[in-house]
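A.B. asks: Per our numbering, residue 1169 is the first one in the sequence shown, and the count goes up by one each step.
Here a beta-carbon is modelled for each residue, glycine too, at the ideal position from N, C-alpha and C.
Remember, it's a predicted structure, so these values are computed and weren't measured experimentally.
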Amino acid sequence: MTHGEQRPLMYTPAQRQAVDEHVDRFFGEPSSTFQELYSPDIQVNISIIAPSPEHPWTTLATVGAGAAPMNVPIEASGEVPDRAEYLICLPPNWRFNQDPQTGEIPEEQYWPIRLLKDLSRLPVEQGSWISGGDTISWDEPFPNTDGLCAALLLGPYQFEPGAQVAELPEGEEVAFYEAVPLHRAEAEFANLHGADALIDQLEDVVGDFVEVGRPDTCA
């Protein structure tokens, strides 16, 4: 590190162990990890959890986002944790094919990782906070999807009770939010009518993992 370069904010070893143990217990032991080589603010690594009989889909979970407490307003303080990690569930056959020369992954495979990194840094960059029920939109659709370009944050609904929150050694809590990709019209519907109304609308078309070609329920 050069003189004056800022270190990324990271969990203490004990905090990191608590988050890792939570991931192992509720989502599964990671088969591999995408580690950030350069982290200007927080170091966000992505744990890749292979399908299992209990969870027959591929799970991606961040580890590191919660090292930076969010700027939760006073009126919500105590109601939601000010630390958060994020996950997304993908089809069991999802692959990350790295180029043997460059290490790069095709964007149509990489976009869920980019989505999780974007979510992780949004509160840091904006000095704000996000929590369950929020929707976040991107300017362009995710590659190789049928127009998905936003995400609804929910508790990890297809995992065991307790998956929603990890406890750090000091007693602080880290929320785990699952990103459910949306079409733009669905995100706009949620902004107008609320997350609960959108969840009711998605109930029959959103399963346990992302379906890149699913229909737009607000079309």
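Report the option in L1177, R1175 and P1181 whose CA atom is closest to the CA atom of L1336.
C.D. replies: Along the sequence shown, read from residue 1 onward, the residue named residue 1336 stands at position 168. Among L1177, R1175 and P1181, the Cα nearest to that of L1336 is on P1181.
A.B. asks: Quick check: the Cα distance between T1170 and T1313, rounded to an integer number of angstroms?
C.D. replies: As a first step, residue 1170 is located in the sequence shown; it is residue number 2 there, counting from the start. As a first step, residue 1313 is located in the sequence shown; it is residue number 145 there, counting from the start. Confidence at T1170 is low in this model, with a pLDDT of 45, below 50, so the placement of that residue should be treated as unreliable; the coordinate-derived value is given next. When rounded, the distance between both Cα atoms is 41 Å.
A.B. asks: Which of the three DSSP states, helix, strand or coil, is assigned to Y1179?
C.D. replies: By one-based count along the sequence shown, residue 1179 stands at place 11. Note: Y1179 maps to coil in three-state DSSP.
A.B. asks: Would you identify the three-state DSSP class for T1170, choosing helix, strand or coil?
C.D. replies: Working through the sequence shown from its first residue, we reach residue 1170 at position 2. Interpretation of T1170 is limited by its pLDDT of 45, a score under 50 that renders its predicted location unreliable; the figure taken from the coordinates is listed afterwards. Looking at T1170 - three-state DSSP - the assignment turns out to be coil, as it is neither helix nor strand.
A.B. asks: Could you pull out every residue in the same chain whose Cβ sits closer than 6 Å to the Cβ of E1275, ignoring the five residues on either side in sequence?
C.D. replies: Residue mapping note: residue 1275 aligns to position 107 of the sequence shown, counting from 1. P1311.
A.B. asks: Looking only at C-alpha atoms, which of I1281, P1349, R1175 and C1386 sits nearest to L1360?
C.D. replies: Counting from 1 along the sequence shown, the entry for residue 1360 is found at position 192. The shortest Cα separation from L1360 among I1281, P1349, R1175 and C1386 belongs to C1386.
A.B. asks: CB-CB under 7 Å to Q1332, same chain, minus the five flanking residues each way: which ones, in chain order?
C.D. replies: The residue labelled residue 1332 in the question sits at position 164 within the sequence shown. Only G1323, P1324, A1343 and F1344 meet the Cβ criterion.
A.B. asks: Spatial neighbours of V1240 within its chain, please: CB distance less than 6 Å, with the 5 preceding and 5 following residues excluded, ordered by chain position.
C.D. replies: For the purposes of this step, residue 1240 is taken as residue 72 along the sequence shown, with counting starting at 1. Within the same chain, V1240 has close Cβ partners D1250 and W1297.
A.B. asks: DSSP on S1220, reduced to helix/strand/coil?
C.D. replies: Residue numbering aside, residue 1220 sits at position 52 when the sequence shown is read from its first letter. Coil at S1220, not helix or strand.
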